[in-house]
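Notes for the one structure printed next.
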Amino acid sequence: MNALLVARDLVRHYPVRTGLFRRPLRLRAVDGVSFVLPPARTLALVGESGCGKTTTAKLVLGLIPATSGEVTFAGEPLPAPHTSAWRAARRRMQMIYQDPLGALDRRLTVLSQVMEPLAIHGIGTKPERRERALALLDAVGLQPHLADRYPHELSGGQRQRVVLARALILEPALIVADEPVSALDVSIQAQVLNLFEDLQARFGVAYLFISHDLKVVRQVAHEVAVMYLGRIVEQGPPEALFRDPAHPYTRALVSAIPVVRRRAGRERIVLQGDPPNPIALPSGCAFHPRCPVAVATCRHETPALKPWHDGRLVACHVAHGEAALPQAA
Amino acid sequence: MLRYLLSRLLRAALTIVAVVTFAFVVLRLSGDPALLIMSVDAPPEAIEAFRAAWGLDRPLWEQYIRYFLQVAQGNLGQSMRDGRPALTVVLERVPETLALTLPAFATKLLIGIPAGVYAALNRNRLADRLTMVLSVAGFTVPSFVLALLLVLIFAVNLGWLPSGGAESWRHAILPVITLGLSGAAILARFTRSAMLEVLGQPYIRAASAKGLPWRRVITDHALPNAAIPTVTIIGFMVGSLVAGAVVVESVFSWPGVGRLLVVAVANRDLAIVQTILLLVAFTMVCANLVVDMLYGWIDPRLRTARTQGA
Amino acid sequence: MTPQDTATGVLQNAAAEPARGAVARFLDSWPPTVLAALAWIGGMVFVALFADSLAPYPYTALDLRARLSPPVFIGGDWRHILGSDELGRDVLSRLIVSIRMSVLIAFGATVISAVLGTSLGLLAAHFRGRIEQVVLALVDFQASMPFLIIALSVLAFFGNALPLFIALMGFHGWERYARIARGLTIAANEQGYANAVRQLGAGAARIYGLHVLPNIASTLIVTMTLTFPEIILLESGLSFLGLGVQPPMTSLGNMVGYGREYITRAPWIMLSPATAIVLTTLSISLVGDWLRDRLDPTLR
Numbered sequence: 000m001n002a003l004l005v006a007r008d009l010v011r012h013y014p015v016r017t018g019l020f021r022r023p024l025r026l027r028a029v030d031g032v033s034f035v036l037p038p039a040r041t042l043a044l045v046g047e048s049g050c051g052k053t054t055t056a057k058l059v060l061g062l063i064p065a066t067s068g069e070v071t072f073a074g075e076p077l078p079a080p081h082t083s084a085w086r087a088a089r090r091r092m093q094m095i096y097q098d099p100l101g102a103l104d105r106r107l108t109v110l111s112q113v114m115e116p117l118a119i120h121g122i123g124t125k126p127e128r129r130e131r132a133l134a135l136l137d138a139v140g141l142q143p144h145l146a147d148r149y150p151h152e153l154s155g156g157q158r159q160r161v162v163l164a165r166a167l168i169l170e171p172a173l174i175v176a177d178e179p180v181s182a183l184d185v186s187i188q189a190q191v192l193n194l195f196e197d198l199q200a201r202f203g204v205a206y207l208f209i210s211h212d213l214k215v216v217r218q219v220a221h222e223v224a225v226m227y228l229g230r231i232v233e234q235g236p237p238e239a240l241f242r243d244p245a246h247p248y249t250r251a252l253v254s255a256i257p258v259v260r261r262r263a264g265r266e267r268i269v270l271q272g273d274p275p276n277p278i279a280l281p282s283g284c285a286f287h288p289r290c291p292v293a294v295a296t297c298r299h300e301t302p303a304l305k306p307w308h309d310g311r312l313v314a315c316h317v318a319h320g321e322a323a324l325p326q327a328a
Numbered sequence: 000m001l002r003y004l005l006s007r008l009l010r011a012a013l014t015i016v017a018v019v020t021f022a023f024v025v026l027r028l029s030g031d032p033a034l035l036i037m038s039v040d041a042p043p044e045a046i047e048a049f050r051a052a053w054g055l056d057r058p059l060w061e062q063y064i065r066y067f068l069q070v071a072q073g074n075l076g077q078s079m080r081d082g083r084p085a086l087t088v089v090l091e092r093v094p095e096t097l098a099l100t101l102p103a104f105a106t107k108l109l110i111g112i113p114a115g116v117y118a119a120l121n122r123n124r125l126a127d128r129l130t131m132v133l134s135v136a137g138f139t140v141p142s143f144v145l146a147l148l149l150v151l152i153f154a155v156n157l158g159w160l161p162s163g164g165a166e167s168w169r170h171a172i173l174p175v176i177t178l179g180l181s182g183a184a185i186l187a188r189f190t191r192s193a194m195l196e197v198l199g200q201p202y203i204r205a206a207s208a209k210g211l212p213w214r215r216v217i218t219d220h221a222l223p224n225a226a227i228p229t230v231t232i233i234g235f236m237v238g239s240l241v242a243g244a245v246v247v248e249s250v251f252s253w254p255g256v257g258r259l260l261v262v263a264v265a266n267r268d269l270a271i272v273q274t275i276l277l278l279v280a281f282t283m284v285c286a287n288l289v290v291d292m293l294y295g296w297i298d299p300r301l302r303t304a305r306t307q308g309a
Numbered sequence: 000m001t002p003q004d005t006a007t008g009v010l011q012n013a014a015a016e017p018a019r020g021a022v023a024r025f026l027d028s029w030p031p032t033v034l035a036a037l038a039w040i041g042g043m044v045f046v047a048l049f050a051d052s053l054a055p056y057p058y059t060a061l062d063l064r065a066r067l068s069p070p071v072f073i074g075g076d077w078r079h080i081l082g083s084d085e086l087g088r089d090v091l092s093r094l095i096v097s098i099r100m101s102v103l104i105a106f107g108a109t110v111i112s113a114v115l116g117t118s119l120g121l122l123a124a125h126f127r128g129r130i131e132q133v134v135l136a137l138v139d140f141q142a143s144m145p146f147l148i149i150a151l152s153v154l155a156f157f158g159n160a161l162p163l164f165i166a167l168m169g170f171h172g173w174e175r176y177a178r179i180a181r182g183l184t185i186a187a188n189e190q191g192y193a194n195a196v197r198q199l200g201a202g203a204a205r206i207y208g209l210h211v212l213p214n215i216a217s218t219l220i221v222t223m224t225l226t227f228p229e230i231i232l233l234e235s236g237l238s239f240l241g242l243g244v245q246p247p248m249t250s251l252g253n254m255v256g257y258g259r260e261y262i263t264r265a266p267w268i269m270l271s272p273a274t275a276i277v278l279t280t281l282s283i284s285l286v287g288d289w290l291r292d293r294l295d296p297t298l299r
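These protein sequence lines map, in sequence, to chains P, H and X. Residue numbering for the first sequence follows numbering that gives the first Met the number 0, beginning at 0 and increasing consecutively. Residue numbering for the second sequence follows numbering that gives the first Met the number 0, beginning at 0 and increasing consecutively. Residue numbering for the third sequence follows numbering that gives the first Met the number 0, beginning at 0 and increasing consecutively.
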């Protein structure tokens, strides 16, 4: 199938000044990320804070330039940020954030904000825009009497629906969602996630879904990519990842998901060592200082993201059986 | 900490450069500096020497450099009135001004801070409201009005204190009170809000819940934390003292730098004006630097250097 | 009492309750001091607008037979309600015209200051980088020197023609607007609504005109109520020293300056403009405080 979004070897470094006379260090926010997102499918990027998920999202949307690598959207490279070509491209790709209250102008009614993208791109007359906005508010499950309310008069879940409606009104092909449900109560999360799926079925929009929460991702994603310190360490269908995680980091993440009944044989894996610092990357595999099954090879050689026996992509020497016998774990 | 100090020093240096540049630009824009700076009846050779020293026939950037050098050497022209070097004339008057501003500064601190703290501790009771009303009065009554009112009451009607001149220490009472009171009002208001903000913090409640007597909570936790923002306003107060001195000295005919400035502006004695401008800038920069260092010492968050985490 | 009487009594009481509640609620959200302050400000604006028709005499008219006559409530006569000065000029008329002058200058200067500061703040927030550094350096410079000294220097070098004077007053306080505008705009741009609208493809004009400015307007207006009285104080201070508004024009500070020499013989010359200055700055400060509390109760 033809891909909507293709990222190839994306790299983004930031120079960091540590002092007046020392050479700048490099913060490797994104260190060689590649993936393919087909239309109307959902790819989830998962990882701890600081692993590079948000930076990847910004690279994919063309908000920041890549240090190297490329991004192609619908077969074409991205225009430079904040040019008129870029602004026109906004019609086809949108971003929504974690904090819906901050993303909405508190002085304008919800309806006028949903209408605004049409006004920006000069689509339709005012009555036509109004009608489309009302239709979209209905599509996201908001009752019509809420249309003239102000953002602070709505609940968190309702606001996120408004943000979704505003993002969808231009009928984009891609929506990048950065932690869209993290600020919501758990019960509301489920509703909003259902909404995501409905909208995908109805409008055929693809999602790049970013989250640190695996449970959330499990419901909506067709494919999950686990990121660690700027690289993808495991990528595959969510059920496979959850049932049988291949990479030690994924294993630790999965084991941390709380379950109602404690399954026999399941132990919680607690990672040792310090949380990662993207300025001072460890040599070899970036995860090896905290890895419970690390061996000598892991210290020297960076593992490549390669297909595993069931088709998943995994970047781990031990998982691919390339190391000597693992130390007693 | 060192980095903080260095950046503050850099900032101070830049401000001085900016003020000198400002003076240079203003001076050049308003006419021929030689005629403006030298007194009218200066001998032509002196004017020529001045032109040479300031390089007035050289390219502009060279004049700028020379101006810097002249300022650094204290060669700022001559007073139009008596032909003496401007710097000498101004420096002569500094002790007189200090005789007013230092006691006024002390008054501000000694009245303003306790009043603000007291008001914060007795919030919304009579003492608080009264203090706040007085402090608002202090802020809205301009210093010259306050000065004239004090003169009207104490000098004219009651005859207790003299109304002008600087012959004795009794002459200093009214000017010091005027300068001190208006500043004390602002300081009281500010201290009160700083204290209120600190008192509303959870760690105050935690300290009190630990069983510390309330007095200890105030002295050990509230006051030191409220001191941090208060210190920053002290630098600002030095500036307002300088500005206040200008008005108060004029009202009370006190022979200080402030009065000299007013007279110089009226007479367009530009050498004096320029000198005072630079002197005030230098003083402000030093005061702000001291405040910054004090701030860096008081606030432990600045004392320890931190490296950025992930 | 019959049950009907009791019932009527209860109903009557119930009807009286809401009326008192409404008045109390009105006074809660509009405290009497603020109402008084607003009334005074309204009065000042009215006087400023209609000065020419309100003044009983032209403010330069001499009345040499009635020099230094006291106000009517201390033993003067009704021809000069607030008394007259050393040249027989009517204090009330001069007061009215002075109010107009001072209000005009303060208003013009406040607008200049707000526009200048807000524009620089927006520019700094939009472009970041070098431009932001320059604006911040200017803000630093302005905040580190007492403005009175800078103003005096400029007056010494360039004279004090009225337009120049108003422009000079307009440089007081711009750095506050710049700081606020920059801070709020950066917040809006980074994660807030301005960023979201930019994501939708909006251009700068729409972002700043339709979204940012309306949102920061209330904070800026509160700042204006802070700088307005300061400008009045600054202008009257300079005019008092004889360096601001020059005769034959008159301002409140001017009047106090002239009245100073006659403080022993005719204190009313000085007291009426002084009272006007104090009450006006007080009123605007009160209204400003109340506005700030009203607009954002979390800001104290």
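Here a beta-carbon is modelled for each residue, glycine too, at the ideal position from N, C-alpha and C.
Span separating the alpha-carbon of residue i from that of residue j
| i | j | result |
| --- | --- | --- |
| I118 of chain P | M43 of chain X | First, the amino acid is wrong: residue 118 of chain P is Ala here, not Ile. Whole-angstrom Cα-Cα distance: 44 Å. |
| L103 of chain X | I233 of chain H | 33 Å |
| A206 of chain H | P223 of chain H | 14 Å |
| V19 of chain H | A12 of chain H | 11 Å |
| T274 of chain H | T218 of chain H | 44 Å |
| C297 of chain P | P299 of chain H | 42 Å |
| M92 of chain P | G101 of chain P | 20 Å |
| L251 of chain X | D89 of chain X | 14 Å |
| H211 of chain P | L3 of chain P | 24 Å |
| A314 of chain P | S186 of chain P | 35 Å |
| P80 of chain P | L9 of chain P | 17 Å |
| T218 of chain X | M269 of chain X | 36 Å |
Same chain only: Cβ atoms within 7 Å of residue i, ignoring 5 sequence neighbours per side
| i | result |
| --- | --- |
| T249 of chain X | Y58, R93, V96, S97 and M100 |
| A47 of chain X | I98, R99, V102 and L103 |
| V250 of chain H | F143, A146 and L147 |
| P302 of chain P | C284, A314, C315 and H316 |
| L122 of chain X | I130 and V134 |
For residue i, the three-state DSSP class (helix, strand or coil)
| i | result |
| --- | --- |
| A193 of chain H | helix |
| I80 of chain X | coil |
| A285 of chain P | coil |
| D8 of chain P | strand |
| M0 of chain X | In this predicted model, M0 of chain X has a pLDDT of only 49, less than 50, meaning its place in the structure is not dependable enough to derive any value. |
| G235 of chain P | strand |
Member of the options whose CA lies at the smallest distance from the CA of residue i
| i | options | result |
| --- | --- | --- |
| T279 of chain X | X:W39, X:D62, X:L63 and X:P247 | X:W39 |
| P99 of chain P | P:S254, P:Q199, P:N193 and P:H151 | P:H151 |
| V264 of chain H | H:M194, H:S252, H:T282 and H:V245 | H:V245 |
| L107 of chain P | X:H210, X:I148, X:L122 and X:M144 | X:H210 |
| A166 of chain P | P:G123, P:L192, P:T124 and P:P116 | P:P116 |
| G238 of chain H | H:P201, H:M283 and H:V216 | H:M283 |
| A87 of chain P | X:W29, X:P30, X:A201 and X:G208 | X:A201 |
| Y192 of chain X | P:L280, P:G74, P:S83 and P:V109 | P:V109 |
| L67 of chain X | X:R293, X:G287, X:I262 and X:P272 | X:I262 |
Sequence-distant residues of the same chain with beta carbon closer than 8 Å to residue i, five excluded per side
| i | result |
| --- | --- |
| L252 of chain P | V45, L213, V225 and P244 |
Cutoff 8 Å: residue i Cβ touching any chain C Cβ
| i | result |
| --- | --- |
| V132 of chain H | Protein chains P, H and X are contained in the structure displayed, whereas chain C is not. |
Cβ shell of residue i (< 6 Å), same chain only, five flanking positions each side left out
| i | result |
| --- | --- |
| V241 of chain H | V279 |
Problem set entry | Those runs of the alpha helix (DSSP H) which lie wholly inside the region 151-228 of chain P and span at least 4 residues | Counting whole runs of 4 or more residues, the region 151-228 of chain P contains the alpha helix (DSSP H) stretches 155-167, 185-202 and 213-219.
For this session: Mind listing, in chain order, the continuous beta strand (DSSP E) runs of no fewer than 3 residues lying wholly within the region 18-103 of chain P?
Result: You should have 24-36, 41-45, 67-72 and 92-95.
For this session: Quick one: which unbroken beta strand (DSSP E) runs of 3-plus residues sit fully inside the region 88-148 of chain H? Chain order, please.
Result: Within the region 88-148 of chain H, there are no complete beta strand (DSSP E) runs of at least 3 residues.
Exercise. Considering only residues of the region 196-234 of chain H, which uninterrupted alpha helix (DSSP H) runs meet the minimum length of 4 residues and lie entirely inside it, listed in chain order?
Worked result: Residue ranges of uninterrupted alpha helix (DSSP H) with 4 or more members, entirely inside the region 196-234 of chain H and ordered along the chain, are 201-208.
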